[in-house]
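Quick notes on the structure that follows.
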Amino acid sequence: MEERIQRDIVAIIPSYEQSFGNCTRLILFEGEEIIKTTAKTFIKNLCKYYHLDYKASNKYFGNLLSVRSNLPLVFSRQLIYIQLKTREPIGKDDGAMGHFKIQGIKKIIERDGKTFIRMKNNRELSLLCSKNTAEKQLRQGRLIMELLSKNDRIRIKEDLEYYNLDDGPAMKSDIARLYMKLDDIISKI
Numbered sequence: 017m018e019e020r021i022q023r024d025i026v027a028i029i030p031s032y033e034q035s036f037g038n039c040t041r042l043i044l045f046e047g048e049e050i051i052k053t054t055a056k057t058f059i060k061n062l063c064k065y066y067h068l069d070y071k072a073s074n075k076y077f078g079n080l081l082s083v084r085s086n087l088p089l090v091f092s093r094q095l096i097y098i099q100l101k102t103r104e105p106i107g108k109d110d111g112a113m114g115h116f117k118i119q120g121i122k123k124i125i126e127r128d129g130k131t132f133i134r135m136k137n138n139r140e141l142s143l144l145c146s147k148n149t150a151e152k153q154l155r156q157g158r159l160i161m162e163l164l165s166k167n168d169r170i171r172i173k174e175d176l177e178y179y180n181l182d183d184g185p186a187m188k189s190d191i192a193r194l195y196m197k198l199d200d201i202i203s204k205i
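Quick note on this note's numbering: the sequence shown kicks off at 17 and runs consecutively.
Here's what the structure looks like:
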């Protein structure tokens, strides 16, 4: 899993392949890979890798956007995938939604009544949704990215303000905040 993630996955698309059946096509910045697991299983494994509770994430961002379905998959501010319909499922539990990394999307195009998504690696992929729906999903993902960025700036500003205002002795709460700040810095390294 780790080596796949290191290769910059720009899209996770459910696919039917003759040799594997229901499987997943990973569109990488450079190339493509077909894996035997379903897209749903791959997303579940990706959530485990990033220690993300998928249901809790959907609930939080669903409330934030006032949306109940097809929510962006948010691993971090820099790693957000939007969901767009890419195929008609044959079986009951076959997935229809592909996941596209926001930073990997160049633009959404409509040609001959069909919608396509052009990735930054100039790869075009067919969508089974309208251009308006795809653009709405992209706006929602970008809104989350912007909200997460603003939230980080506000938190940092508050921390600096607190330490500039008071020059008294260190309390237990001060040491706890310092520990949390160091822990945050270490996790970003």
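Glycine included, C-beta positions come from ideal geometry on N, C-alpha and C.
Everything numeric in this text was worked out from a predicted model, so none of it was measured.
{"Check": "Report all residues from its chain with a CB closer than 7 Å to the CB of residue 68; omit the five preceding and five following residues, and keep chain order.", "Outcome": "91"}
{"Check": "Please classify residue 17 as buried or exposed, where buried requires at least 16 neighbouring CB atoms within 10 angstroms.", "Outcome": "exposed"}
{"Check": "Using 8 Å as the threshold, is the stretch 66-83 in touch with the stretch 35-42, meaning 3 or more CB pairs across them?", "Outcome": "no"}
{"Check": "Would you call residue 97 buried or exposed, if buried means 16 or more other Cβ atoms sit within 10 Å of its Cβ?", "Outcome": "buried"}
{"Check": "So what's residue 39 in DSSP terms, helix, strand or just coil?", "Outcome": "strand"}
{"Check": "Does residue 153 come out as helix, strand or coil in the three-state DSSP assignment?", "Outcome": "helix"}
{"Check": "Tell me which residue opens and which closes the alpha helix (DSSP H) that residue 81 is part of.", "Outcome": "70-81"}
{"Check": "DSSP beta-bridge partners for residue 64?", "Outcome": "The partner list for residue 64 (beta bridge, DSSP) is empty, contrary to what the question assumes."}
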